[in-house]
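Residues in the sequence shown are numbered consecutively from 9, following the numbering used here.
For each residue, glycine too, the CB sits at the ideal point set by N, CA and C.
Below: one structure, written as structure tokens.
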Amino acid sequence: MTDTALAIGRPLDLVADFPAIPAGWAYLDTAATAQKPKPVIDAITRGYDTTYATVHRGVYQRSADMTLAYEAARANVADLIGAQANEIVFVRGATEAINLVAQSWAAQNLKPGDRILLSMLEHHSNIVPWQMVAERVGAAIDVIPLTADHRIDLDAMAAMIRPEHKLVALAHVSNVLGSILDVAKASEIAHAVGAKILIDGCQAVPRVAVDVAALGCDFYVFSGHKLYGPTGIGVLWARAELLDAMPPYQGGGSMIDRVSFERTTYAPAPTRFEAGTPHIVGALGLSAAVDYVRAIGLDRIHAHETALVREARAALSHINSIRVLGPDDSAGIVSFVMEGVHPHDIGTILDESRVAIRAGHHCAQPLMAALGVEATARASFAVYNGPGDVAALAAGIERVKRIFG
Numbered sequence: 009m010t011d012t013a014l015a016i017g018r019p020l021d022l023v024a025d026f027p028a029i030p031a032g033w034a035y036l037d038t039a040a041t042a043q044k045p046k047p048v049i050d051a052i053t054r055g056y057d058t059t060y061a062t063v064h065r066g067v068y069q070r071s072a073d074m075t076l077a078y079e080a081a082r083a084n085v086a087d088l089i090g091a092q093a094n095e096i097v098f099v100r101g102a103t104e105a106i107n108l109v110a111q112s113w114a115a116q117n118l119k120p121g122d123r124i125l126l127s128m129l130e131h132h133s134n135i136v137p138w139q140m141v142a143e144r145v146g147a148a149i150d151v152i153p154l155t156a157d158h159r160i161d162l163d164a165m166a167a168m169i170r171p172e173h174k175l176v177a178l179a180h181v182s183n184v185l186g187s188i189l190d191v192a193k194a195s196e197i198a199h200a201v202g203a204k205i206l207i208d209g210c211q212a213v214p215r216v217a218v219d220v221a222a223l224g225c226d227f228y229v230f231s232g233h234k235l236y237g238p239t240g241i242g243v244l245w246a247r248a249e250l251l252d253a254m255p256p257y258q259g260g261g262s263m264i265d266r267v268s269f270e271r272t273t274y275a276p277a278p279t280r281f282e283a284g285t286p287h288i289v290g291a292l293g294l295s296a297a298v299d300y301v302r303a304i305g306l307d308r309i310h311a312h313e314t315a316l317v318r319e320a321r322a323a324l325s326h327i328n329s330i331r332v333l334g335p336d337d338s339a340g341i342v343s344f345v346m347e348g349v350h351p352h353d354i355g356t357i358l359d360e361s362r363v364a365i366r367a368g369h370h371c372a373q374p375l376m377a378a379l380g381v382e383a384t385a386r387a388s389f390a391v392y393n394g395p396g397d398v399a400a401l402a403a404g405i406e407r408v409k410r411i412f413g
């Protein structure tokens with residue numbers, strides 16, 4: 009990353025940091041997974057190439073060194089979101105993090121007649137685990153509607169919530185609409201009736217500055233691969249007192265204190281929740297990704313993506329057959345539908361023009377039903393995108409319009 013690229017006030021121009029993005033290819037599918045910058049790739053290569061060893065077990069020097077690096081990665085991730093290292097659990101991804109909370113907190117604390125509050129725009133990963141728990145314990149699920157401009161309706165939430173609601177689970181940034189939740193206000197509403205609140209931060213952490221203390225939530229989850237890090241690594245943050253009271257999610261090595269055939273005792277959190285050999289090099293890659301976004305600055309990233317969203321929404325809105333979804337200030341994501349053209353056809357034709365977007369229901373089928381569509385086309389932006397990518401998207405859509413008449 010050059011000093012020029014980071015100069016204050018300059019648009020981001022960091023595509024050279026991403027070797028998997030060839031010249032002339034507009035990659036607009038970051039909401040699904042982000043491309044990886046060279047520093048992350050280098051950290052992963054070093055982890056396997058010259059420094060690899062297991063952690064928490066070996067008495068030899070390299071294992072001790074790798075253990076220090078692994079725990080330093082935990083501390084680095086914690087610092088990114090304003091947390092303490094002992095509140096960070098490494099998991100395979102946000103999906104596993106939500107399932108962990110569902111099984112280790114909700115299944116232990118919910119009882120028949122209790123209720124869970126979700127919103128209409130949630131990803132399937134923030135719906136299905138709660139359905140499984142609700143069915144198991146006899147709880148019920150309620151759904152917060154959206155405002156006219158496709159945000160979670162916090163006024164409706166405040167009117168709906170009651171003491172029977174023990175858990176609220178909401179997306180910080182919608183993976184379809186890019187709408188940003190006022191998490192602090194949502195937390196205040198949840199806590200007013202004694203409910204705990206979990207926030208899905210998958211689309212937020214790569215785009216906006218997150219401070220879990222300021223947000224006031226109880227659980228926060230995100231995936232590494234959307235934060236320019238590797239796949240197979242993710243993060244659960246929870247208040248220390250909650251983690252300390254939760255039983256293990258899985259059993260095996262590392263998460264124990266002492267094992268006998270008569271009885272097993274468990275290690276303290278967060279180790280209690282990391283059974284088996286962890287994704288060691290994944291944690292190192294995630295830490296490198298944290299360093300990368302920090303060096304740029306999340307405020308700059310958000311401003312850059314907001315500008316690209318503004319350009320994209322303006323360009324698409326000028327095409328009569330296009331309906332752009334979500335609020336004007338969506339974070340890095342633009343979903344749209346085209347009259348008479350299925351999003352899969354849009355995606356296929358754009359691919360011929362070397363523009364990569366997402367097309368489908370985006371693991372948000374209840375939201376699609378609420379929007380009255382089967383699927384959408386979705387363009388999502390990152391630090392490696394620029395105005396040329398927006399122009400390529402608009403030109404590709406004009407081509408789609410010509411083909412379908």
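Range covered by the beta strand (DSSP E) that runs through Val213: For the purposes of this step, residue 213 is taken as residue 205 along the sequence shown, with counting starting at 1. In the DSSP annotation of this structure, Val213 is not part of any beta strand (DSSP E), being labelled neither H nor E.
Judging by CA-CA distance, which residue of Ala390, Leu401, Ala400, Leu333 is the nearest neighbour of Arg215? Stepping through the sequence shown from its first residue, residue 215 is reached at position 207. Selected option, being the one with the closest Cα: Ala390.
Compare the C-beta of Ala246 with all C-beta atoms of chain D and state if any pair is closer than 8 Å. Chain labels in this structure do not include chain D; a single protein chain is all it has.
Local Cβ density within 10 Å of Arg144, reported as buried at 16 or more and exposed below that: On the sequence shown, residue 144 is found 136 positions in, with the first residue counted as 1. By the neighbour-count rule (16 or more Cβ atoms within 10 Å), Arg144 is not buried but exposed.
Could you tell me the distance, in whole angstroms, from the CA atom of Tyr236 to the CA atom of Glu360? Counting from one through the sequence shown, the residue named residue 236 turns up at place 228. Counting from one through the sequence shown, the residue named residue 360 turns up at place 352. So the two alpha carbons sit approximately 26 Å from each other.
Bridge partners - Val243, DSSP secondary structure assignment: Here the question's residue 243 lines up with position 235 in the sequence shown. Partner(s): Phe98, Phe230.
I need the straight-line Cα distance from Thr12 to Ala291, nearest angstrom please. Stepping through the sequence shown from its first residue, residue 12 is reached at position 4. Stepping through the sequence shown from its first residue, residue 291 is reached at position 283. Confidence in Thr12 is poor, its pLDDT being 37 and thus under 50, which makes the residue's placement too unreliable to answer from.
Do the segment 222-230 and the segment 178-195 make contact, defined as three or more Cβ pairs closer than 8 Å? The segment 222-230 vs the segment 178-195: in contact.
Between the Cα of Pro276 and those of Ala248, Ala383, His312, Ser268, spot the shortest distance and give me the residue it belongs to. Within the sequence shown, numbered from 1, the residue matching residue 276 stands at position 268. Pro276 has its Cα closest to that of Ala248, out of Ala248, Ala383, His312, Ser268.
How many angstroms separate the CA atom of Arg54 from the CA atom of Ala303? The count along the sequence shown starts at 1 and reaches residue 54 at position 46. The count along the sequence shown starts at 1 and reaches residue 303 at position 295. Using only the alpha carbons, I get a separation of about 20 Å.
Please state whether DSSP places Asp397 in a helix, a strand or coil. Start at 1 with the first residue of the sequence shown, and residue 397 comes out as number 389. DSSP places Asp397 within a helical segment (H, G or I) once states are collapsed to three.
Just how far apart, CA to CA, sit Asp265 and Ala253? Taking the first residue of the sequence shown as 1, we reach residue 265 at position 257. Taking the first residue of the sequence shown as 1, we reach residue 253 at position 245. Asp265 and Ala253: Cα-Cα distance of roughly 16 Å.
Quick check on DSSP: helix, strand or coil for Ala178? Residue mapping note: residue 178 aligns to position 170 of the sequence shown, counting from 1. Position check: residue 178 holds Leu in this sequence, whereas Ala was assumed. Of the three classes helix, strand and coil, the one that applies to Leu178 here is strand, per DSSP.
Verify whether the separation of the beta carbon atoms of Ser112 and Pro255 is less than 8 Å. As a first step, residue 112 must be located in the sequence shown, where it is residue number 104. As a first step, residue 255 must be located in the sequence shown, where it is residue number 247. Yes, the Cβ-Cβ distance between Ser112 and Pro255 is below 8 Å.
Collapsed DSSP secondary structure at Tyr274 in the structure displayed: The residue you call residue 274 lines up with position 266 of the sequence shown. Strand.
Secondary structure at Val408, three-state DSSP: helix, strand or coil? Looking up residue 408 in the sequence shown gives position 400. In this structure, Val408 counts as helix in the three-state DSSP scheme.
Endpoints, the beta strand (DSSP E) within which Val332 is located: For the purposes of this step, residue 332 is taken as residue 324 along the sequence shown, with counting starting at 1. From DSSP, the beta strand (DSSP E) with Val332 extends over 330-332.
Whole-Å CB distance - Val141 paired with Ala147, under 8 Å assumed: Position 133 of the sequence shown, counting from 1, holds the residue named residue 141. Position 139 of the sequence shown, counting from 1, holds the residue named residue 147. Distance from Val141 to Ala147 at the Cβ level is roughly 7 Å; contact confirmed, criterion being Cβ atoms closer than 8 Å.
Give me whichever residues DSSP pairs with Val317 in a beta bridge. The sequence position of residue 317 within the sequence shown is 309, counting from 1. Val317 is not bridged to any residue.
Using only alpha-carbon positions, find the residue among Glu79, Glu104, Ser187 that is nearest to Met128. The residue given as residue 128 occupies position 120 in the sequence shown. In this structure, Ser187 is the residue among Glu79, Glu104, Ser187 with its C-alpha nearest to the C-alpha of Met128.
Can you tell me which residues form a DSSP beta bridge with Val267? One-based indexing of the sequence shown puts residue 267 at position 259. In the DSSP output, where bridge partners are listed per residue, Val267 has Thr272.
Tell me whether Gly259 is buried or exposed, calling it buried when 16 or more other Cβ atoms sit within 10 Å of its Cβ. As a first step, residue 259 must be located in the sequence shown, where it is residue number 251. The residue in question, Gly259, is exposed, as its Cβ has fewer than 16 Cβ neighbours within 10 Å.
Less than 8 Å separating the beta-carbons of Ile405 and Leu324? For this step, residue 405 is matched to residue 397 along the sequence shown. For this step, residue 324 is matched to residue 316 along the sequence shown. Yes, they are a contact pair.
Between which two residues does the beta strand (DSSP E) carrying Arg366 extend? For the purposes of this step, residue 366 is taken as the residue at position 358 of the sequence shown. First-last of the beta strand (DSSP E) with Arg366: 366-368.
What does the Cβ neighbour count give for Ile16, buried or exposed, with the cut at 16 atoms within 10 Å? The residue you call residue 16 lines up with position 8 of the sequence shown. Any answer about Ile16 is weak, because its pLDDT of 43 lies below 50 and its placement is not dependable; what the coordinates show is given next. By the 10 Å Cβ count, Ile16 comes out exposed.
By DSSP, does Leu154 sit in helix, in strand, or in coil? For the purposes of this step, residue 154 is taken as the residue at position 146 of the sequence shown. Note: Leu154 maps to strand in three-state DSSP.
Evaluate Leu375 with the Cβ neighbour count: other Cβ atoms within 10 Å of its Cβ, from every protein chain shown; 16 or more gives buried, anything less gives exposed. In the sequence shown, residue 375 corresponds to position 367, counting from 1. By the neighbour-count rule (16 or more Cβ atoms within 10 Å), Leu375 is buried.
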